[in-house]
Amino acid sequence: MSDASLNSSSTTAPMAQGGEAEFGDFFALLKPRVMTLVVFTALVGLLAAPVGVHPIVGLAAILFIAVGGGASGALNMWWESDIDALMKRTSKRPIPAGKVTRDEAFAFGVTLAVMSVVMLWLATNAVAAGLLAFTIFFYVVIYTIGLKRWTPQNIVIGGAAGAFPPMIGWAAATGSISIESVLMFALIFMWTPPHFWALALFMKGDYHKAGVPMLTVTHGRRSTRRHILVYTVLLAMLAVGAAFTGIGGPIYLAVALVLNALFLRDAYAIWRRDEAMAEADGYRIEKKAFKLSLYYLFAHFTAILLEAALAGYGLGGWG
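Below, the structure is given as structure tokens:
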């Protein structure tokens, strides 16, 4: 496939016929697994905020943040339907599988995006709605359309979009941005590169075939291993340091120390290996690090939530 065709928004996937799509196909466009992380981190941001929110308002805020995240997923699939068709991991998505047309996915995504921003504004405030609108724009236009196919730092850039939900949840409660919400953003932002690069180490074939300039494709696996170690060290410093801020406390510190020690151990092991070693054991350590990263973020944000809950009883933090 030529570079021109890879950088086109056209798709080689089978075309669906209008009216064939079912509810489950449109739901799949929302990237429900990703939406789970969006909902959870946004909820932590909302509940960790120092301002109480009426349960109905809070429920509405999380719902519209989830819808906005789903809209981003649908528009991402609309634009990337050509490369989705080439990658084993994504070939069964609704558009390349021929269940939903690109036009249907685009209309669905735009409708949900506009609705989510407007409704979040009405339910909470302009700051939260503005952050949600910027997140959708950043993920779809700047990352997916503008940069993903052009730079090996695509995962670093795209990580920013996935890091906004706790800031949006915090803003929905407080109407503002604070150092605590920025720290939650930074935690996700720094976690994203080593998480996805670990995956890319044993999924290089897919990205190469699709023409996506993942770091493994453009700079090789040796460079990717170094990047994983550097980002994991920076992530560990940030994560442990956050324990001594307004969102931290002894519970969070204990979780951060254990999880970051394990993540650093795996990142160091990945850095020491060459391709012969990794291929010989089926990328066992790379897969192990990737699986650990799936629990890493959930554990840290659960600890933040627990600290906030204890603070409500005057028991949280270091006070």
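Going left to right, the sequence shown walks through residues 136 to 454 as the numbering used here numbers them.
Even for Gly, the Cβ is constructed at its ideal location relative to N, Cα and C.
Taking a contact to mean a Cβ-Cβ separation below 8 Å, would you say residue i touches residue j in this structure?
{"i": "valine 186", "j": "alanine 308", "result": "yes"}
{"i": "serine 316", "j": "glycine 180", "result": "yes"}
{"i": "isoleucine 230", "j": "arginine 224", "result": "no"}
{"i": "leucine 397", "j": "leucine 427", "result": "yes"}
{"i": "valine 235", "j": "leucine 165", "result": "no"}
{"i": "valine 368", "j": "leucine 399", "result": "yes"}
{"i": "histidine 330", "j": "phenylalanine 425", "result": "yes"}
{"i": "leucine 364", "j": "alanine 333", "result": "no"}
Report back the beta-carbon spacing between residue i and residue j to the nearest angstrom; my notes put them in contact at under 8 Å.
{"i": "serine 226", "j": "valine 262", "result": "Actually they do not touch by this definition, with Cβ atoms about 40 Å apart."}
{"i": "valine 327", "j": "glycine 297", "result": "This sequence places threonine at residue 327; valine is not what is there. So it is a contact: roughly 6 Å between Cβ atoms."}
{"i": "proline 300", "j": "threonine 353", "result": "Not confirmed; about 29 Å, so no contact."}
{"i": "leucine 322", "j": "alanine 240", "result": "Leucine 322 to alanine 240, Cβ: 31 Å. No contact."}
{"i": "alanine 177", "j": "isoleucine 197", "result": "6 Å"}
{"i": "alanine 443", "j": "alanine 242", "result": "Actually they do not touch by this definition, with Cβ atoms about 39 Å apart."}
Output the distance between the C-alpha atoms of residue i and residue j, rounded to the nearest integer angstrom.
{"i": "arginine 357", "j": "alanine 156", "result": "43 Å"}
{"i": "alanine 195", "j": "glutamate 410", "result": "49 Å"}
{"i": "methionine 349", "j": "phenylalanine 379", "result": "35 Å"}
{"i": "leucine 172", "j": "methionine 222", "result": "23 Å"}
{"i": "leucine 370", "j": "glycine 208", "result": "26 Å"}
{"i": "arginine 407", "j": "valine 252", "result": "46 Å"}
{"i": "tryptophan 213", "j": "arginine 228", "result": "11 Å"}
{"i": "tryptophan 256", "j": "leucine 266", "result": "10 Å"}
{"i": "alanine 335", "j": "tryptophan 305", "result": "32 Å"}
{"i": "methionine 302", "j": "methionine 319", "result": "7 Å"}
{"i": "tyrosine 278", "j": "glycine 383", "result": "31 Å"}
{"i": "valine 347", "j": "histidine 189", "result": "44 Å"}
{"i": "alanine 268", "j": "lysine 344", "result": "33 Å"}
{"i": "alanine 377", "j": "glycine 233", "result": "46 Å"}
{"i": "methionine 150", "j": "arginine 361", "result": "Model confidence at methionine 150 stands at a pLDDT of 46, short of 50, so the residue's coordinates are unreliable and nothing is read from them."}
{"i": "valine 249", "j": "alanine 206", "result": "9 Å"}
{"i": "alanine 404", "j": "leucine 388", "result": "24 Å"}
{"i": "tryptophan 325", "j": "phenylalanine 273", "result": "Contrary to the premise, residue 325 reads as methionine rather than tryptophan in this sequence. Cα-Cα distance, rounded: 17 Å."}
{"i": "alanine 438", "j": "glycine 381", "result": "13 Å"}
{"i": "arginine 168", "j": "isoleucine 314", "result": "28 Å"}
Just to confirm the assignment, what range does the alpha helix (DSSP H) spanning residue i have?
{"i": "aspartate 238", "result": "237 to 258"}
{"i": "glutamate 414", "result": "410 to 415"}
{"i": "arginine 224", "result": "From DSSP, arginine 224 is part of no alpha helix (DSSP H); its letter is neither H nor E."}
{"i": "leucine 388", "result": "385 to 407"}
{"i": "tyrosine 418", "result": "Per DSSP, tyrosine 418 belongs to no alpha helix (DSSP H) and is neither H nor E."}
{"i": "histidine 362", "result": "355 to 376"}
{"i": "glycine 193", "result": "190 to 214"}
{"i": "glycine 159", "result": "158 to 164"}
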